[in-house]
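Enquirer:
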Amino acid sequence: MSDQLRPPEEQEPIAPPAAPAAPEAAPAAPPRPRRGSGLLQKLLVPVLAVFTALVVGAFVIVLSDAALIALWTSDPLAALQQSIASVLDAYGALFTGALGSPQAYFDAFASGDIDQIIAAFNPISESLLAATPLIFTGLAVALGFRAGLFNIGGEGQLYLGAMFAGFIGFSVLGLPWFIHLPLAVAFGFVGGALWGFIPGILKARTGAHEVIVTIMLNYVAYRLLDWILRQPFYQRPDRSDPISPVVEPSAVIPPIIDGLRLHWGFALALVAAAVVSWLLFRSTLGFEFRAVGLNPSAARYAGMSISRTLVLVMAISGGLAGLAGTTEILGVNKALTPGFSPGYGFDGIAVALLGGSSPLGVVLAAILFGVLRAGATPMQSATGIPIDLVVVIQALVIMFVAAPRLIREIYRIRVPETTGTEVVAQGWKS
Amino acid sequence: MTAATATASRVAGINRRALGLAIFYLILAAVIVLLFIPGTEPGTDTTFILNLGESPLFLLPDVVVPSVPTMYLMAGVCAFCGALQLTRAIGAKWAILLTIALVAFIFAFLTWAAAGKTMSLTGIFQTTLYRAVPITFGALSGVLCERSGVVNIAIEGMLLSGAFIAAVTASITGNSWIGVIAAVIVGGLLAFVLAVLSIRYLVNQIIAGTVINLFAVGLTSFLSTRVLTGNPDLNNPPRLGPIAIPVLSDIPIIGPILFSGNFFVYSLFVLVLVIHVALFYTRYGLRVRSVGEHPRAADTVGINVNFTRYRNVVLGGMVAGFGGAYFTIGSTGAFEREMTAGRGFIGLAAMIFGGWTPIGAFLASLVFGFADALQARLSILGSPVPSEFLLMVPYITTIVVVAGLVGRVRMPEADGTPYIKE
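As they're listed, the protein sequences go chains A and B. Using my numbering, the final residue of the first sequence is 634, and nothing's skipped along the way. Using my numbering, the final residue of the second sequence is 419, and nothing's skipped along the way.
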């Protein structure tokens, strides 16, 4: 474990983002002098990391096209033109698919028809929708990082959360929505927390490394979902394929604007970010979390219980990931199917790293990855380039963010060396 | 946890552990009596077949046991182990009792699952070995890397990349051996990236490994969708078939298990022995271990710490890439997205279970291979346990093993810590 302390500005509270659902929940940031260059410095590595990853992704697009490679040998100039064109096509389709095209916005506003204006914002709504589970899983991983734990089990915790929330959603009848919906969401949190509790207690009691345990629990959760969807109490009555009943209308998370799919789960995610920010930087418990992460020996000497912290952090982290599954089921899918998550749990790792393990950073990074996720599907249908490109880009982003020296050597500039993962355990020692 | 408290809890834990083990054995006995026996028709027999294939030397008779009495007997064995553990000071011999109880429990389980049917025991053991092959390669890769002090959780990605590149190059060239070589090279390249990130750029090694895993999953899925789905001939590699060793493969039981494998199975035996000898009986091994235990001391006596680490990580990657080739040209042939399904991580657990030694890692891999083989066998047999739970068995075994053994086995002291020269 590293004994180094963070530079003082890292320990200052980070202003939670304004939450549309409950603006009063977000305390105003204390006025403090902030050097513009400091903020720029903080943003430099993430921005360059994303940029470099997109450049490498462009090479992947070009090099995986056999026809294009054949062209390089016969007519390099045409091949170069075609390569640039195909990369621009792909990224163009990705970003207009995720953000909408200026033309569409212009036309919609020119028409003055409210339905058309709403429809024009559909790409942005889709991006924020895709960002919603990523905020939750990103917060889950970031919280773990702060306490020196690496939670790779977001995927499994997400499935457990979805199983719990979905069950309450479709099996409880006759409740008004203001009881039913919070109940389902709470159960989603509990489901994820349970799946996070297991690696926490195993680490505290036996020293089993959370990385292996959480990875294995991902596979177990996946099989558990397969199994539960075939049980009489969980399978949709008139169906033979593995699918759950549709959640009751009283447990559905409503859309923020009628006509768009973006739902209030996004607001809940922002609230969760604010709460995690408060928990980490304003509460005694969060102080203990960070103390254990920075220096476990000192934390124990100060009378803090390492075991209790490990278990609590893993449980809360699991609960946050469980909320990702909850909002997906109650807000988007409305019913469970096997393997419905396209890897949100793993994306959470990239989000937490890119966001420097701070709640505000996580929200911003999640929105960026939401844009990539939401744009990938239109990109695949327009250009035939598989969605998996996004996973490659994410892996590259993590690499560049985790190795700031690499960025420094590529661009020959000075960058800060902190990555937000300094406190994560090295190796298998607990 | 600091060393002091860990030792203290270990001393206090001995009696608690004896009690825990005893309760565990009694639970095993109770499971047999309360779960297995009521689910079996009284009077049924279970048939175990020992022959596999045509054995020209001689055929063994099938072993037929009455199901319910056998299960009572096995429950008795488990209960007896529990009683011994409770009443006698077993001390260091606890491992023997644990083995006896587990073997008895598994035998009871097989008797229950195959009651009224037949089950090929030799077949299960053969599948066990074959399923253990990629896990062992993964574990050996881990041993090579971690003995020199670099944590390698990228084994999964290396296996997957090896599987992919082996399938593609073997399909293009029509030659499986070129596929094997390509897999070894790609495994080495990924390992080199891991080494550069963790040694030169001091990236947290677990994060560096996660990056490589994500990258491998993303890139192989991307390429298999973009390139392979449109060109099925690129994913139709010639396979390396089984080579039966004359005479030896005709020995009953042992022959079909050990001497009828393919190139990968025999390479595995050789590699386990070679790495064991290299690590523990050569100058090279002494240097590697000293770098993994105390890099500063190694540096002081003139060993190049970072060079040793680079070399070992790349070697480890080559072993993992080789193991990856087994998934495609060593068994099923065609590459499928994410076909390794966590075998790399299970290999990592096998390495820990095996105490960071090649032979230990191999034996541990056999345990996981057995869990995997049992699952495959029972899903064909139509067992009373839902198939989803059988599929969980290898993963749950991993958790149990990691939870039960970390802290009892000693890891290389400098594992996971980058070395910065003063």
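The beta carbon of each residue, even a glycine, is placed where N, CA and C say it ideally should be. All values reported here derive from a predicted model rather than from experimental measurement.
Where does residue 102 of chain B fall in DSSP's three states?
Expert: In the structure shown, residue 102 of chain B sits in a helix (DSSP, three-state: H, G or I).
Enquirer: Compare the Cα-Cα distances from residue 373 of chain A to each of A:347, A:438, A:272, A:335 and report the closest residue.
Expert: Measuring from the Cα of residue 373 of chain A, the nearest candidate turns out to be A:438.
Enquirer: Ordered along the chain, which non-local residues of its own chain (more than five positions away) have a Cβ less than 8 Å from that of residue 65 of chain B?
Expert: Same-chain partners within the cutoff: 34, 37, 39, 40, 41.
Enquirer: Could you tell me whether the Cβ of residue 130 of chain B comes closer than 8 Å to any Cβ of chain A?
Expert: Not one chain A Cβ lies under 8 Å of residue 130 of chain B.
Enquirer: Helix or strand or just coil, what does DSSP make of residue 255 of chain A?
Expert: In the structure shown, residue 255 of chain A sits in a helix (DSSP, three-state: H, G or I).
Enquirer: Take residue 585 of chain A as the anchor and find which of A:300, A:275, A:286 has the nearest alpha-carbon.
Expert: If we check each option's Cα against that of residue 585 of chain A, A:300 comes out closest.
Enquirer: Could you check what DSSP says for residue 384 of chain B in three-state terms: helix, strand or coil?
Expert: Of the three classes helix, strand and coil, the one that applies to residue 384 of chain B here is helix, per DSSP.
Enquirer: Can you tell me whether DSSP reads residue 451 of chain A as helix, strand or coil?
Expert: Here residue 451 of chain A sits in coil by DSSP.
Enquirer: Between residue 16 of chain B and chain A, is any beta-carbon pair separated by less than 8 Å?
Expert: No - not a single Cβ of chain A is within 8 Å of the one on residue 16 of chain B.
Enquirer: Of all Cβ atoms in chain A, is any one closer than 8 Å to the Cβ of residue 354 of chain B?
Expert: No, residue 354 of chain B does not count as interfacial toward chain A.
Enquirer: Hey, could you find the ends of the beta strand (DSSP E) residue 46 of chain B is sitting in?
Expert: Taken as a continuous stretch (DSSP letters only), the beta strand (DSSP E) holding residue 46 of chain B covers 42 to 46.
Enquirer: Exposed or buried, which one is residue 219 of chain B when buried takes at least 16 other CB atoms within 10 Å?
Expert: Residue 219 of chain B should be labelled buried.
Enquirer: Can you tell me which of A:394, A:551, A:583, A:588 puts its alpha carbon nearest to the alpha carbon of residue 574 of chain A?
Expert: Cα-wise, what sits closest to residue 574 of chain A is A:551.
Enquirer: Please identify, using Cβ separations under 7 Å, the residues of the stretch 29 to 42 of chain B that lie next to chain A, in order along the chain.
Expert: Residues: none.
Enquirer: When the Cα of residue 430 of chain A is compared with those of A:446, A:420, A:289, A:418, which residue comes out closest?
Expert: The shortest C-alpha separation from residue 430 of chain A is found at A:446.
Enquirer: What do you reckon, are the CB atoms on residue 337 of chain A and residue 528 of chain A nearer than 8 Å?
Expert: Cβ atoms of residue 337 of chain A and residue 528 of chain A: closer than 8 Å.
Enquirer: Answer yes or no: does any C-beta atom of chain A fall closer than 8 Å to that of residue 223 of chain B?
Expert: Chain A contact via Cβ: present.
Enquirer: Quick check on residue 226 of chain A: does DSSP put it in helix, strand or coil?
Expert: In this prediction, residue 226 of chain A has a pLDDT of 41, which is less than 50 and means its spatial position is unreliable; nothing more can be read from the coordinates.
Enquirer: Since I believe residue 356 of chain A is in contact with residue 553 of chain A (beta carbons under 8 Å), could you give me their beta-carbon distance rounded to a whole number of angstroms?
Expert: Indeed, because the Cβ distance is near 7 Å, the residues count as touching under 8 Å.
Enquirer: Decide if the stretch 605 to 612 of chain A is in contact with the stretch 371 to 390 of chain A; the criterion is three or more beta carbon pairs, one per stretch, under 8 Å apart.
Expert: Because the criterion of three Cβ pairs below 8 Å is not met, the stretch 605 to 612 of chain A and the stretch 371 to 390 of chain A do not touch.
Enquirer: With respect to the beta strand (DSSP E) encompassing residue 355 of chain B, which residues constitute its N-terminal and C-terminal limits?
Expert: Not the beta strand (DSSP E): residue 355 of chain B falls in the alpha helix (DSSP H), residues 355 to 378.
Enquirer: Any beta carbon from chain A within less than 8 Å of residue 401 of chain B's own beta carbon?
Expert: Closer than 8 Å: yes.
Enquirer: Need the endpoints of the alpha helix (DSSP H) that residue 403 of chain A sits in, please.
Expert: 381 to 410 is the extent of the alpha helix (DSSP H) around residue 403 of chain A.
Enquirer: Please state the DSSP three-state secondary structure of residue 17 of chain B.
Expert: Correct three-state label for residue 17 of chain B: helix.
Enquirer: Can you list, in chain order, the residues of its chain whose CB lies under 6 Å from that of residue 359 of chain B, leaving out five sequence neighbours each side?
Expert: If we look at residue 359 of chain B and ignore the five residues flanking it on each side, its Cβ neighbours are 133, 269.
Enquirer: How is residue 244 of chain B classed by DSSP in three states: helix, strand or coil?
Expert: Residue 244 of chain B falls in the coil class under three-state DSSP.
Enquirer: Given a limit of 8 Å on CB to CB distance, which residues of the stretch 381 to 392 of chain B reach chain A?
Expert: Residues passing the 8 Å Cβ filter: 383, 385, 386, 388, 389, 392.
Enquirer: Examine chain B for any beta-carbon lying closer than 8 Å to the beta-carbon of residue 413 of chain A, and answer yes or no.
Expert: So yes, residue 413 of chain A belongs to the interface.
Enquirer: In angstroms with no decimal places, state the Cα-to-Cα distance between residue 206 of chain A and residue 499 of chain A.
Expert: Residue placement at residue 206 of chain A is flagged as unreliable, the pLDDT there being 41, under the threshold of 50; the coordinate-derived value follows with that caveat. In a straight line, the C-alpha of residue 206 of chain A is about 7 Å away from that of residue 499 of chain A.
Enquirer: Between residue 302 of chain B and chain A, is any beta-carbon pair separated by less than 8 Å?
Expert: It does not: the Cβ of residue 302 of chain B has no partner Cβ on chain A nearer than 8 Å.
Enquirer: Provide the residue span of the alpha helix (DSSP H) that contains residue 60 of chain B, from first to last.
Expert: Run containing residue 60 of chain B: none in the alpha helix (DSSP H); it sits in the beta strand (DSSP E), 60 to 63.
Enquirer: Consult DSSP for residue 508 of chain A and reduce its assignment to one of helix, strand or coil.
Expert: Correct three-state label for residue 508 of chain A: coil.
Enquirer: Could you check the C-alpha separation between residue 124 of chain B and residue 443 of chain A for me, to the nearest Å?
Expert: Straight-line Cα distance between these residues: approximately 36 Å.
Enquirer: Name the one or two DSSP bridge partners that residue 467 of chain A has.
Expert: Answer is A:459, bridged to residue 467 of chain A.
Enquirer: Please report the distance separating the alpha-carbon of residue 371 of chain A from that of residue 381 of chain A.
Expert: The alpha-carbon atoms of residue 371 of chain A and residue 381 of chain A are separated by roughly 15 Å.
Enquirer: Judging by CA-CA distance, which residue of A:468, A:347, A:458, A:292 is the nearest neighbour of residue 149 of chain A?
Expert: Limits of chain A in this structure are 205 at one end and 634 at the other, which puts residue 149 of chain A out of reach.
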